[in-house]
Amino acid sequence: MTTGDRFFSESGNLADLAVASVTRTSLSHAFDELLQGLRRSIGIAHAQLTFDPKVSAWFALERAPETIPANPDGPDLTVVCRQVIEHSTPIEVADLAAHPVFSNEPIVTEAGYRFYSGLPLLSDSGRALGALCVMDTRPRTLDAMERALLQGAVRQASIQLELRRALESARRANRYRTRLNVLATRGFRGPLTTITTVLGELAGFSHSAEEKELLALALEAARTLETDFRQVAEATAEEADQDLQTSTRVALSQVFADLAHTMALPMRVHGTRLEVESTDIVLCTNAPLLLRALCSLVRVALERRATLVCVQCVHDADDLVLSVRARGGGDRSGMSDRDARGVAEDLAGLNPNGSLGLGTSIAKRSCDVLGYQLSVETALDVGSDYIIRIPATQIID
Numbered sequence: 001m002t003t004g005d006r007f008f009s010e011s012g013n014l015a016d017l018a019v020a021s022v023t024r025t026s027l028s029h030a031f032d033e034l035l036q037g038l039r040r041s042i043g044i045a046h047a048q049l050t051f052d053p054k055v056s057a058w059f060a061l062e063r064a065p066e067t068i069p070a071n072p073d074g075p076d077l078t079v080v081c082r083q084v085i086e087h088s089t090p091i092e093v094a095d096l097a098a099h100p101v102f103s104n105e106p107i108v109t110e111a112g113y114r115f116y117s118g119l120p121l122l123s124d125s126g127r128a129l130g131a132l133c134v135m136d137t138r139p140r141t142l143d144a145m146e147r148a149l150l151q152g153a154v155r156q157a158s159i160q161l162e163l164r165r166a167l168e169s170a171r172r173a174n175r176y177r178t179r180l181n182v183l184a185t186r187g188f189r190g191p192l193t194t195i196t197t198v199l200g201e202l203a204g205f206s207h208s209a210e211e212k213e214l215l216a217l218a219l220e221a222a223r224t225l226e227t228d229f230r231q232v233a234e235a236t237a238e239e240a241d242q243d244l245q246t247s248t249r250v251a252l253s254q255v256f257a258d259l260a261h262t263m264a265l266p267m268r269v270h271g272t273r274l275e276v277e278s279t280d281i282v283l284c285t286n287a288p289l290l291l292r293a294l295c296s297l298v299r300v301a302l303e304r305r306a307t308l309v310c311v312q313c314v315h316d317a318d319d320l321v322l323s324v325r326a327r328g329g330g331d332r333s334g335m336s337d338r339d340a341r342g343v344a345e346d347l348a349g350l351n352p353n354g355s356l357g358l359g360t361s362i363a364k365r366s367c368d369v370l371g372y373q374l375s376v377e378t379a380l381d382v383g384s385d386y387i388i389r390i391p392a393t394q395i396i397d
């Protein structure tokens, strides 16, 4: 199905594909710079874009479709543009006042426009999605150069509209995947909790040494799955665009306190000690996302069987450096040089090769949204330090 067919679908896809704008700029103002540049280049009184109502509705969410008149309180300036859209053909009128159809329209009698030249904004399938026009208060014509400028502006508008459509479709698909993840994790966590509970009860009965070992392995595997599903649920509980919510003033000590509270039970289950450094630093950040990143990294440390996890912060000249340090765990505490290189490349985004586990991937996603840098320093039989670098500009004095 082509882009135009998607816009003009008669099967209900238009309503289904209506999504929030990927920018804070509404469709009616997305092309302002293009139109201003066209007006200056041609030396014309007015330039505007008018979209088919179905296209406007596609970009609208929980509000009326944008009709995009130049002046909502004045005369309708889209009367000729609607003809361009309806017939998918250019229209140029040297003197609107002398035209048999448009001479009595408010665009002439009230707004005082005499000249009009408009081109259709075409989709891949050739349907007119809108019209781009220029108007003047005196009769005139366009020369070859001015017509070329108008055609170039139409191509630019078509490309920009397609990019916005593609980005918003991607946002829609991302939210759809989010809902599927939430439903899947909710469905799986119930049976897993039952399995974990039953295995825990069975472990309390008298068994042979071999049976106890098998039960312990099964219980550990079930708990690992339960933890993984919980992490996925926490990471996808909100819609994807909620990750981009406005940052607020946040005391880092409160984030650390929430971290200690959230991880209290997992730390007890694993017999691991959590040490969180006190701090009086205040940030402008998204607290839920930062907490999600820290919790995910602490869980990574638990997966590596760390006996001690330290969360520290250091403020240097350029950044605020948060570190989650995992110690203990024997030969699982750190990584080999080969594994460390793979993880470092994935974190840097240079050559994604799947070296990151679930917890680290969730932490990286959160850091990427926040604009923070996540890296790791590790050594076998020593431990791993996961480091989040926060720009010093986000620190509130």
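In terms of the UniProt record's numbering, the numbers along the sequence shown are unbroken and rise by one, the last being 397. Even for Gly, the Cβ is constructed at its ideal location relative to N, Cα and C.
Limits of the beta strand (DSSP E) - the one that residue i falls within
| i | result |
| --- | --- |
| Arg102 | A quick correction: the sequence has Phe, not Arg, at residue 102. Note, Phe102: premise wrong, no beta strand (DSSP E); not H, not E. |
| Val282 | 282 to 285 |
| Asp319 | 319 to 327 |
| Thr378 | 373 to 379 |
| Val343 | Taken as a continuous stretch (DSSP letters only), Val343 belongs to no beta strand (DSSP E), being part of the alpha helix (DSSP H) at 337 to 348. |
| Gly251 | Checking the sequence shown, residue 251 turns out to be Ala, not Gly. Looking at the DSSP string, the run of the beta strand (DSSP E) that includes Ala251 is 248 to 251. |
| Glu92 | 91 to 93 |
Of the listed residues the options, nearest to residue i (C-alpha basis)
| i | options | result |
| --- | --- | --- |
| Gln48 | Pro106, Phe31, Leu214, Val93 | Phe31 |
| Ala216 | Thr196, Asp52, Lys364, Leu35 | Thr196 |
| Arg82 | Pro120, Leu322, Cys295 | Pro120 |
| Gly334 | Glu303, Ser125, Leu347 | Glu303 |
| Asp228 | Asp337, His87, Asp381, Thr360 | Thr360 |
| Ser117 | Val84, Gly126, Pro106 | Val84 |
| Asp346 | Lys364, Leu149, Ile387, Thr194 | Lys364 |
| Phe188 | Val198, Ala222, Arg165, Glu201 | Ala222 |
| Thr109 | Leu289, Phe115, Ala97 | Ala97 |
| Phe256 | Leu289, Leu225, Ser384, Gly271 | Leu289 |
| Met263 | Ser41, Leu291, Leu142, Gly112 | Leu291 |
| Glu220 | Thr89, Arg140, Val198 | Val198 |
| Ile390 | Arg341, Val314, Asp381 | Val314 |
| Ala379 | Val369, Arg327, Ile91 | Arg327 |
| Thr224 | Val300, His29, Ile387 | Val300 |
| Ala392 | Asp318, Gly342, Arg338 | Asp318 |
| Arg39 | Pro106, Leu149, Gly126 | Leu149 |
| Arg338 | Val324, Ser323, Leu356 | Leu356 |
| Gly112 | Pro266, Asp95, Gly204, Ala170 | Asp95 |
| Ser123 | Ser88, Leu34, Leu274, Arg341 | Ser88 |
| Leu336 | Ser296, Ala218, Asp381, Val324 | Note on identity: in this sequence residue 336 is Ser, with Leu being the wrong assignment. Checked all of Ser296, Ala218, Asp381, Val324; the closest Cα to Ser336 is Asp381. |
| Val324 | Ala344, Val343, Val101, Leu374 | Leu374 |
Residues near residue i by beta carbon distance below 8 angstroms, same chain, minus five either side
| i | result |
| --- | --- |
| Gln394 | Ser247, Leu283, Cys284, Thr285, Leu320 |
| Ala306 | Thr272, Ala326, Arg327, Gly328, Gly329, Ser333, Gly383 |
| Gln160 | Ala30, Phe31, Leu34 |
| Thr193 | Glu226 |
| Glu201 | none |
CB contact check: residue i to chain D, cutoff 7 angstroms
| i | result |
| --- | --- |
| Phe205 | Within the model displayed, chain D is absent; a lone protein chain is all it includes. |
Bridge partner(s) assigned by DSSP for residue i
| i | result |
| --- | --- |
| Phe115 | Asp136 |
| Ile396 | Val282 |
| Asp385 | Arg325, Glu377 |
| His315 | Leu320 |
| Gly130 | Phe51, Leu121 |
| Cys310 | Glu275, Arg325 |
| Ile390 | Leu320 |
Boundaries of the alpha helix (DSSP H) in which residue i is found, first to last residue
| i | result |
| --- | --- |
| His46 | Segment 46 to 51 is the beta strand (DSSP E) holding His46; no alpha helix (DSSP H) there. |
| Leu38 | 32 to 42 |
| Leu370 | 358 to 370 |
| Glu86 | 79 to 87 |
Sequence-distant residues of the same chain with beta carbon closer than 7 angstroms to residue i, five excluded per side
| i | result |
| --- | --- |
| Ala45 | Met135, Asp136, Thr137 |
| Val154 | Leu119, Leu121, Leu132 |
| Arg63 | Bear in mind that the predicted position of Arg63 carries a pLDDT of just 39, short of 50, making it too unreliable to give a figure here. |
| Gly130 | Leu49, Thr50, Phe51, Asp52, Val55, Ile85, Leu121 |
| Ile281 | Leu252, Cys313, His315, Leu320, Ile395 |
| Glu238 | Residue placement at Glu238 is poorly supported in this model, since its pLDDT is 49, which falls under 50; the coordinates still yield a value, given next. Cβ neighbours of Glu238 beyond the five flanking positions: none. |
| His270 | Leu302 |
| Ser278 | Ser253 |
| Gly99 | The sequence given here places His at residue 99; Gly does not occur at that position. Closer than 7 angstroms at Cβ, skipping near neighbours: Val93. |
Close Cβ partners of residue i (< 6 angstroms) along its chain, the five nearest in sequence each way excluded
| i | result |
| --- | --- |
| Glu213 | none |
| Asp143 | none |
| Val276 | Phe256, Ala260, Val311 |
| Ser366 | Leu289, Arg292, Ala293 |
| Pro65 | At Pro65, the pLDDT of 39 sits below 50, so the modelled position is not reliable; the number obtained from the coordinates is stated separately. Here the set comprises Pro53, Ser56, Ala57. |
| Glu146 | Ile42 |
| Tyr386 | Leu297, Val324, Val376 |
| Arg164 | none |
Quick check on the DSSP output: what are the complete beta strand (DSSP E) runs of length 3 or more inside the segment 253 to 284, in order along the chain?
With a minimum length of 3 residues, the continuous beta strand (DSSP E) runs that stay inside the segment 253 to 284 are 273 to 276.
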